[in-house]
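Q: Below is one structure. I have some questions about it.
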Amino acid sequence: MGHASRVVPVIQELIKKEYSVIIAADGNALEFLKNEFPRLKTIRFKSYNINYSKKNSQVFKMALLIPQLVNWTVREHFLLKKIVRDEKIDVVISDNRYGLWNKKTYTVFITHQLNILFPWILSVFEPVTRQIVKLIVKKYDECWVPDYEESFNLSGKLSHLSKKYSNRYFIGPLSRFAFYANNDGIKKYDVLFILSGPEPQRTILENIFIQSVHGKELKVALVRGVNLKFQDIRENRVSFFGMLNTPGLYELIQRSELVICRSGYSSVMDLVSLNKKAVLIPTPGQTEQEYLAKYLSDSGLFFYMKQNEFSVEKAIDNAFPAPLIVNGSSKTDLIQRIDFLEKILKKKNC
């Protein structure tokens, strides 16, 4: 879902430029984007189906997925050829999809993870993986990194590498709340839990959250992040929500004193966009989230906790003040890249 939510501002800017936009996605991501952009044409495009282990280590689970990932990448590359031909596509913008480059059209690869981190037992493979990623990214015309280029940034060593990419452009953080004002209004909830990510870890964390507030004198909202048809309900002092659209989630975040969520990069960008006080809980064994949580904590932006050590009291007591980040260049950077795409298309059609 995170990759779907962060392309919202990109699609919004393309619509402003009066491009004809087609959305290709699958599962919850497709349903979310349909809900955000009901007038746009959509194509069901199979996504990577990743499930995590119930255990804290994901090493063996991820190792078993490698052949599948290679297979999906090859299949999506050839599927894109058909879509480009049938739909007469001029530009393809994909988020972290390694097979969506195409010699007959202009392709853009969005990622915050040029440096893929492994658990320490497999860290010896990181240099080789960096080279493989670089070779793949070079097949695209452009690589957009949703972060600040400056020394103060959100992704750290995930995307700020010593070796340069000739086609890499930092476009600033991408948040679906980019066009929303930070309205610090009356608070209705003490804590807002936002769940996301693959099973079974999503459900495990949901149960931890529910148990942690049982019997507490707290007003709590919990966004389950699944099932668009889920009926909003209230049990005791907890209000449950399914998968909210952008206006709905924005209102809920603004009416909550504290947000507690995963340390996924899209969630981080949303929190920064709204200057929201939050506590991060990385998915156990997901190296990227574990790195981001510690990096952002060391940077003084967000307090983080391990899932198996979570308590709502500790989260409330230790949460850092709301991060105040003012950087007006991010939106401009994205617009500059889209303006460049417009020049490419005009040149192509001449």
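Using my numbering, read the sequence shown as starting at -5 and increasing by one per residue. Every residue, glycine too, gets a C-beta built ideally from N, C-alpha and C.
(1) Please confirm if the region 230 to 245 is in contact with the region 127 to 139, defined as three or more CB-CB distances below 8 Å between the two stretches.
(2) If you measure between the beta carbons of F304 and I275, is that distance less than 8 Å?
(3) Which of helix, strand or coil does DSSP assign to E392?
(4) So, using beta-carbon positions, are I198 and L328 closer together than 8 Å?
(5) Just to confirm before moving on: does the CB-CB distance between L168 and Q107 stay below 8 Å?
(6) Would V185 and S257 be called neighbours here (beta carbons separated by less than 8 Å)?
(7) Can you tell me whether E348 is helix, strand or coil according to DSSP?
(8) Using only alpha-carbon positions, find the residue among L116, F112, R79, I130 that is nearest to I104.
(9) Mapping the DSSP letters down to three states, classify S149 as helix, strand or coil.
(10) For S(-1), collect the residues of the same chain with a Cβ closer than 6 Å to its Cβ; drop the 5 residues on either side in sequence, then sort them by chain order.
(11) Hey, would you say K133 sits closer than 8 Å to W95, going by beta carbons?
(12) Under three-state DSSP, which class holds I275?
(13) Would you kindly report the start and end of the unbroken beta strand (DSSP E) that includes E251?
(14) For I247 and N269, I'd like the C-alpha separation in whole angstroms.
(15) Can you give me the Cβ contacts of Y183 inside the same chain, cut-off strictly under 8 Å, excluding the 5 residues immediately before and after it?
(16) Out of T326, G294, E336, which one is the CA nearest neighbour of P317?
(17) Compute the Euclidean distance between the alpha carbons of G150 and Y100, then round it to the nearest angstrom.
(18) Could you check how far apart the C-beta atoms of L238 and V217 are, in whole angstroms? I think they sit under 8 Å.
(19) Answer with buried or exposed for A309, where buried requires no fewer than 16 other C-beta atoms within 10 angstroms of its C-beta.
(20) Less than 8 Å between C-beta atoms, sequence neighbours within five positions excluded: which residues of the same chain meet that for Y163?
(21) Using 8 Å as the threshold, is the C-beta distance between G219 and L265 below it?
(22) According to DSSP, simplified to helix, strand and coil, what is T101?
(23) Would you kindly work out how many angstroms separate the C-alpha atoms of Y285 and V118, rounded to a whole number?
(24) Determine, using beta carbons only, whether Q195 and P278 come nearer to each other than 8 Å.
(25) Can you grab the Cα-Cα spacing for the pair S14 / Q6, in whole Å?
(26) Go ahead and pull the three-state DSSP assignment for I9.
(27) Helix, strand or coil for S233 per DSSP?
(28) Using only CA atoms, which one of E70, S160, A287 lies nearest to A19?
(29) Let me know the secondary structure DSSP gives K35 once reduced to three states.
(30) Can you tell me which of the three DSSP states D333 falls into?
(31) When the Cα of V64 is compared with those of D84, I37, G93, L8, which residue comes out closest?
(32) DSSP on S206, reduced to helix/strand/coil?
(33) Quick check on L168: does DSSP put it in helix, strand or coil?
(34) Between I126, K340, L335, which has its C-alpha nearest V85's C-alpha?
A: Taking the definition as stated:
(1) no
(2) yes
(3) In the structure as shown, the chain begins at -5 and stops at 344. Residue 392 is therefore absent and cannot be evaluated.
(4) Result no, Cβ atoms of I198 and L328 do not sit closer than 8 Å.
(5) no
(6) no
(7) Limits of the chain in this structure are -5 at one end and 344 at the other, which puts residue 348 out of reach.
(8) Minimum Cα-Cα distance from I104 among the listed residues L116, F112, R79, I130 corresponds to I130.
(9) Three-state DSSP puts S149 in coil, outside helix and strand.
(10) R170, S260
(11) Yes.
(12) coil
(13) E251 -> beta strand (DSSP E) spans 250 to 255.
(14) 11 Å
(15) K213, V214, A215, S233, L246, R249, S250, E251
(16) G294
(17) Near 28 Å, if we compare the C-alpha coordinates of Y100 and G150.
(18) Between V217 and L238 the Cβ distance is about 6 Å, and since that is below 8 Å, they are a contact.
(19) Under this definition A309 is a buried residue.
(20) E136, C137, W138, V139, D327, R331
(21) no
(22) Correct three-state label for T101: strand.
(23) 17 Å
(24) yes
(25) One Cα belongs to S14, the other to Q6, and the distance between them is close to 12 Å.
(26) helix
(27) strand
(28) Put simply, of E70, S160, A287 the residue whose alpha carbon is nearest the alpha carbon of A19 is E70.
(29) strand
(30) helix
(31) G93
(32) Look at S206 here: in three-state DSSP terms it is helix.
(33) coil
(34) When only C-alpha atoms are compared, the closest one is L335.
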